[in-house]
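In order, the protein sequence lines correspond to chains B and P. Take the first sequence: its letters are residues 638 to 1065, numbered as in my numbering. Take the second sequence: its letters are residues 3 to 477, numbered as in my numbering. Glycine included, every Cβ here is placed at the ideal spot set by N, Cα and C.
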Amino acid sequence: MAQFTTEVFQNEFLPDGGTDVHAIVRVTCSGAGKAGVGGGTSGGEAAEILIVDTSGSMGANGIMQGRYAATVALTEITDGTWFAIIAGNHVGTLVYPAYGATQMVRMDARTRQEAIASIQQFRADGGTAMGTWLTKAKEVFLTVPHVVQRHAILLTDGANEHETPDQLTWAIQGATGFFQCDVRGLGDRWQIDEARRIASALLGTVDLIPSPERMADEFEKLIRASMARGVASVDLRVWAPQGAQVLFVKQVAPNLEDITAKRSQVNPLTAAFPTGAWADETRDYHVAVRLPAKSIGQEQLASRVQLVVNNEVQAQALVKATWSNDEALTTRIDDQVARYTGQAELAAAIQDGLAAKAAGDDAGATRKLGRAVQIATATGDEEMTSRLKKVVEIDNAETGTVRLRKSVEKLDEMALDTASTKTRRIKK
Amino acid sequence: MSTPASTPSPASWGNCPGCGAERAADAAFCEECGHDFGGETLTPAGAAPVGANGESQTRHAPVRAQTAAEGEESPLDLGWTGPVNRGATPMIAPPSATVCAQCGTGNYLDGYCDNCGAKAPDPRDHFAEEPAAWVGGVCDIGRRHKRNEDAMALLGSSRPLAQAVLVVCDGVSNTTDSHIASLAAARAARETLDDPVPRGMGLPDAVIGTITNRLGAAVVAARAAVVATTSSPDTPAPPSCTFVAALIDEGLAVVGNVGDSRAYWLPDAPDSQPRQLSADDSFAAEQIREGMPRKDAETGPNAHAITRWLGIDSPEDLTPHTASVQLTEDGWLMLCSDGLWNYCSDAVALRDLVAGTVAGLGPAGLHPPTLAQALVDFANAQGGIDNITVALARVGPTSGQPPQATAPQAAATPPEATPPEATEPAATQPAAATEPAPAAYPPSEPTTAAGAPAPAPTSSTAADREDSPDGTVHD
Chain B
638 MAQFTTEVFQ
648 NEFLPDGGTD
658 VHAIVRVTCS
668 GAGKAGVGGG
678 TSGGEAAEIL
688 IVDTSGSMGA
698 NGIMQGRYAA
708 TVALTEITDG
718 TWFAIIAGNH
728 VGTLVYPAYG
738 ATQMVRMDAR
748 TRQEAIASIQ
758 QFRADGGTAM
768 GTWLTKAKEV
778 FLTVPHVVQR
788 HAILLTDGAN
798 EHETPDQLTW
808 AIQGATGFFQ
818 CDVRGLGDRW
828 QIDEARRIAS
838 ALLGTVDLIP
848 SPERMADEFE
858 KLIRASMARG
868 VASVDLRVWA
878 PQGAQVLFVK
888 QVAPNLEDIT
898 AKRSQVNPLT
908 AAFPTGAWAD
918 ETRDYHVAVR
928 LPAKSIGQEQ
938 LASRVQLVVN
948 NEVQAQALVK
958 ATWSNDEALT
968 TRIDDQVARY
978 TGQAELAAAI
988 QDGLAAKAAG
998 DDAGATRKLG
1008 RAVQIATATG
1018 DEEMTSRLKK
1028 VVEIDNAETG
1038 TVRLRKSVEK
1048 LDEMALDTAS
1058 TKTRRIKK
Chain P
3 MSTPASTPSP
13 ASWGNCPGCG
23 AERAADAAFC
33 EECGHDFGGE
43 TLTPAGAAPV
53 GANGESQTRH
63 APVRAQTAAE
73 GEESPLDLGW
83 TGPVNRGATP
93 MIAPPSATVC
103 AQCGTGNYLD
113 GYCDNCGAKA
123 PDPRDHFAEE
133 PAAWVGGVCD
143 IGRRHKRNED
153 AMALLGSSRP
163 LAQAVLVVCD
173 GVSNTTDSHI
183 ASLAAARAAR
193 ETLDDPVPRG
203 MGLPDAVIGT
213 ITNRLGAAVV
223 AARAAVVATT
233 SSPDTPAPPS
243 CTFVAALIDE
253 GLAVVGNVGD
263 SRAYWLPDAP
273 DSQPRQLSAD
283 DSFAAEQIRE
293 GMPRKDAETG
303 PNAHAITRWL
313 GIDSPEDLTP
323 HTASVQLTED
333 GWLMLCSDGL
343 WNYCSDAVAL
353 RDLVAGTVAG
363 LGPAGLHPPT
373 LAQALVDFAN
383 AQGGIDNITV
393 ALARVGPTSG
403 QPPQATAPQA
413 AATPPEATPP
423 EATEPAATQP
433 AAATEPAPAA
443 YPPSEPTTAA
453 GAPAPAPTSS
463 TAADREDSPD
473 GTVHD
């Protein structure tokens, strides 16, 4: 049985009239078990779908590497897991199990060999309509409705050119809350914002695979991670007192994801935010609550943050507020809150800066990316600083004075963008 | 738990104020968390502190101080008044009450309200004791401190003025765990003082001397209790506290103090002189002795620096300052921490404050815990900058507990707003209004439920009226 534990990092002291309470809630899951073999906490089974882009732009090498990556992924899927493979271009096509099958199949030695044989059918042909891929995946997952833990990997190498943005939106809405999906973009012709829309809604991650040869490693990693998630579905519940307002709830580690908009109301004072399946892992959440100010010396609870599996509370963290007139107490910002706030601002500066640059707003891009350089330098984030250096010339890192580079590798820009939401956990 | 039970059921012992676990009958400590129930006789709300059969439900065994063979009376036993009730008032907010006191809507769930988030009161933050109809007190966290480092421990005989022990200790706020140390000290002192005073030849000076020695022993016991809470001798700021105690024995009160917690004698009659009985061991007191005006000294930068305290690092000489007073006229013996006297230090001003507050409370004004609560409310209304403890022994008529479950939040009146002339009639003649109290509030009157009716509140002191009108100060 999985165990959840929580830790709270905050400065509970508010000045006279202060209203906003910020806390980092660190949640650690242990004993999660394995997905889908009945040994996991979910008690149910797991299903996995590989969605591989087979549009014309993949080319011969891309298709060959795609076949290889899918083969590696198939070997990583635990026996007993329900699975399927979808080839994606302007339509989503079920490749395995073969035409005529009535439902997904369980992984075993025979089905693995059949699946590997079937992916030889991958041909580079047609356009890209990711919405149709997601809709097909949902249709296939529905053939095993008793399976509670559903995960897909979506590989794309291009922009979603063969359906309207609305069509993609509808497909995403249809899949939201139904299955989780990690999205990987191959090369430099896919759109990060499209991939983010999918992954964000479907509780997955986005990353860049710079070249086809790297696909197999990435697929292996993703399937291993998925197979380690023994807890099928976890909700983060945030209670705030009568009259208070939850300003935001963000996952801040291992990657940044604002989940505020995913709220569903449990009762008038409690909102639930889906966090998907869990492995043995630690995630950090930044919770901000606005309270009606109380008088000096008063202490109260600002929030109860709970981890809920199957409607049962597994762990709870208490976020507090105490009003004080001692400036030594009230002016301190908790290290964790400060660092994650900085990393969130850094991510926003990078993404806004790159968006401004893409829109031709060089002044805006220079200002935002300059701010990003300044934050990365101040926080000692050398990895982000070196990524930024590939996009801007740094004149003065401390003041954030930068110039846009004349010629920038598109891949470097995309790598900077996708890396911006990966956060580094800091020690206590 | 709403009506007095004729036979206390196990459940009626309530729950541990520390962890909420059910409390076994007669348990002195919680079996779950080890909380020391000490003198807190957890009486269910609304139930009499004694059983219907007249047995005292306190920790006291039947009469234990015997100096002569059973059945024979020793001259030394003359002062023995029988078992004395310990604090018989339940902690404020009985453990069964989980409805939030702040919003009145939610329930305390995990130490906080599930509706408004308010912190559930810690029983240590505010408690009242009422061992007898004429003895009671309130110990409160105040408005500004995070912890209640004040402590209080009381005893009182059913028969007014026969015997009582009042102890107030104020934990020194910049030391570790002073809230634990102060409570341990107060209870240890109460334990030491909880014995009949041998009358010997009955000469007043001899009795005073005996009690004075007893107070010295109580200081030693209290200090030992503080030291016992000190985790290591090398603790940089070891726990420490002040000490003020009063032992009342057959109409004689002797008080002793170390530190700056105080004892006052506050007679009702406006023409009688109220007095501070204790002597502060403080920087401010030293400055006053050197001629600085009291108000300046007590509000100066080091006003609250004390020169003597109980703790592992206390000064060698801990002989308490002592004073005595014959309780021959109606009035109040008050022990308090600086949380109260910060806002009303002068004895005359304090007497006027008390008189005004008593008048404001109406029929309940002569109920010691109600008055103590009203004085705590006054200090909180002034800012509540420190923990506040007020312990009172009433000389003269008393009131029963007001019918409300909790003491009314009386509009306490600052002394200057209440001219003595205006309050005089109400303050000095409340007896007529409050006389029927014992019959009106049987659940709260230990004296009526004890099976042996106590003398009428006014009668006990009347006989002593001829005695010397004033006490003598020893130092």
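Exposed unless 16 or more other CB atoms sit within 10 angstroms - verdict on Q980 (chain B): Answer is buried; the Cβ neighbour count reaches 16.
Secondary structure of G655 (chain B), DSSP reduced to three states: Looking at G655 (chain B) - three-state DSSP - the assignment turns out to be coil, as it is neither helix nor strand.
CB contact flag (M336 (chain P), L312 (chain P), <9 Å): Going by C-beta atoms, M336 (chain P) is not nearer than 9 Å to L312 (chain P).
Sequence ranges, alpha helix (DSSP H) only - wholly within the region 950-977 of chain B, length at least 4: Listed in chain order, the complete alpha helix (DSSP H) runs (minimum 4 residues) inside the region 950-977 of chain B are 964-967.
Classification of P238 (chain P) by the beta-carbon crowding that lies within 10 angstroms, buried from 16 upward: So P238 (chain P) ends up on the exposed side.
Chain B contacts made by the region 105-121 of chain P, where a contact means CB separation under 9 Å: Residues passing the 9 Å Cβ filter: C105, T107, G108, L111, D112, G113, Y114, C115, D116, N117, C118, G119, A120, K121.
4-residue-minimum alpha helix (DSSP H) runs that sit fully inside the region 989-1049 of chain B, ordered along the chain: Secondary structure within the region 989-1049 of chain B: the alpha helix (DSSP H) runs of 4 or more consecutive residues, fully enclosed, are 999-1015, 1019-1026 (chain order).
I829 (chain B), DSSP secondary structure in three states: Assigned with DSSP and collapsed to three states, I829 (chain B) falls in helix.
Closest Cα partner of G867 (chain B) within the set B:P652, B:T642, B:G693, B:C666: Closest in C-alpha terms to G867 (chain B), from the list B:P652, B:T642, B:G693, B:C666, comes B:C666.
Minimum Cβ-Cβ distance from H181 (chain P) to chain B less than 9 Å: Cβ-Cβ to chain B under 9 Å: no for H181 (chain P).
Contained alpha helix (DSSP H) runs [length at least 4] in the region 782-829 of chain B, N- to C-terminal order: You should have 802-812.
I933 (chain B): contacting residues in chain P (beta-carbon distance under 9 Å): The CB of I933 (chain B) comes closer than 9 Å to the CB of R145, R146 in chain P, given here in chain order.
A226 (chain P) to V260 (chain P) span [Cα, whole Å]: One Cα belongs to A226 (chain P), the other to V260 (chain P), and the distance between them is close to 14 Å.
Under 7 Å (Cβ pairs) to chain P, residues found in the region 859-892 of chain B: Look at the region 859-892 of chain B: the residues with a C-beta under 7 Å from a C-beta of chain P are P878, Q879.
Contact between the region 925-945 of chain B and the region 861-881 of chain B (3+ Cβ pairs under 8 Å): Output reads yes: the region 861-881 of chain B touches the region 925-945 of chain B.
T181 (chain P) burial status per 10 Å Cβ neighbour count (16 or more: buried): According to the sequence as given, residue 181 (chain P) is His; it is not Thr. That one is buried.
Inter-stretch contact (C-beta, 8 Å, three-pair minimum) for the region 394-403 of chain P and the region 130-150 of chain P: Here the region 394-403 of chain P makes contact with the region 130-150 of chain P; the two share three or more CB pairs at distances below 8 Å.
Inter-residue spacing [alpha-carbon to alpha-carbon] between M1021 (chain B) and I896 (chain B): Take the alpha-carbon of M1021 (chain B) and the one of I896 (chain B): they are about 24 Å apart.
For G106 (chain P), the nearest candidate out of P:C118, P:D112, P:I210 (CA to CA): When each option's Cα is compared against that of G106 (chain P), the closest is P:C118.
S863 (chain B) to V709 (chain B) span [Cα, whole Å]: So the alpha carbons of these two residues sit roughly 14 Å apart.
For K887 (chain B), the residue or residues it bridges with in DSSP: In DSSP, K887 (chain B) forms a bridge with B:D895, B:H923.
With 16 other Cβ atoms within 10 Å as the buried cut-off, status of D332 (chain P): Counting C-beta atoms within 10 angstroms of its own C-beta, D332 (chain P) has 16 or more neighbours from the protein chains shown and is therefore classed as buried.
Residues near D825 (chain B) in its chain [Cβ-Cβ closer than 7 Å; skip 5 each side]: Correct list, in chain order: K1047, L1048, M1051.
Residue burial classification, I970 (chain B) (beta-carbon count within 10 angstroms, cutoff 16): By the neighbour-count rule (16 or more Cβ atoms within 10 Å), I970 (chain B) is not buried but exposed.
Continuous alpha helix (DSSP H) stretch holding R353 (chain P): start and end: Boundaries of the alpha helix (DSSP H) harbouring R353 (chain P): 349-363, taken from the DSSP string.
Close-in-space but distant-in-sequence residues of the same chain around T415 (chain P) (CB under 8 Å, 5 per side omitted): Unreliable placement is indicated for T415 (chain P), whose pLDDT of 36 sits below 50; no coordinate value is reported for it.
C-beta contact flag for Q828 (chain B) and A796 (chain B) at 9 Å: Q828 (chain B) places its beta carbon less than 9 Å from that of A796 (chain B).
Member of P:R277, P:L254, P:A224 whose CA lies at the smallest distance from the CA of V170 (chain P): Residue P:A224 is the option with its Cα nearest to V170 (chain P).
Enclosing beta strand (DSSP E) for Q165 (chain P) [first to last residue]: Unbroken beta strand (DSSP E) run through Q165 (chain P): 165-172.
First and last residue of the uninterrupted beta strand (DSSP E) at F641 (chain B): In this chain, the beta strand (DSSP E) harbouring F641 (chain B) covers 640-647.
Per-residue contacts from Q937 (chain B) into chain P (C-beta, under 9 Å): What Q937 (chain B) touches in chain P: Q104, Y114, C115, C118, G119, A120, K121.
Within chain P, the residues that L711 (chain B) reaches when beta carbons sit closer than 9 Å: Here the premise fails: no neighbours, minimum Cβ distance about 47 Å.
Inter-residue spacing [alpha-carbon to alpha-carbon] between K1005 (chain B) and D830 (chain B): Using only the alpha carbons, I get a separation of about 18 Å.
Per-residue burial, K994 (chain B) [other beta carbons within 10 Å of its own, 16 or more giving buried]: Answer is buried; the Cβ neighbour count reaches 16.
Pair within 9 Å by beta-carbon distance, R821 (chain B) and E855 (chain B): With contacts defined as CB atoms closer than 9 Å, R821 (chain B) and E855 (chain B) qualify as a contacting pair.
The region 725-740 of chain B touching the region 687-697 of chain B, judged by at least three CB pairs closer than 8 Å: At 8 Å Cβ cutoff, the stretches touch.
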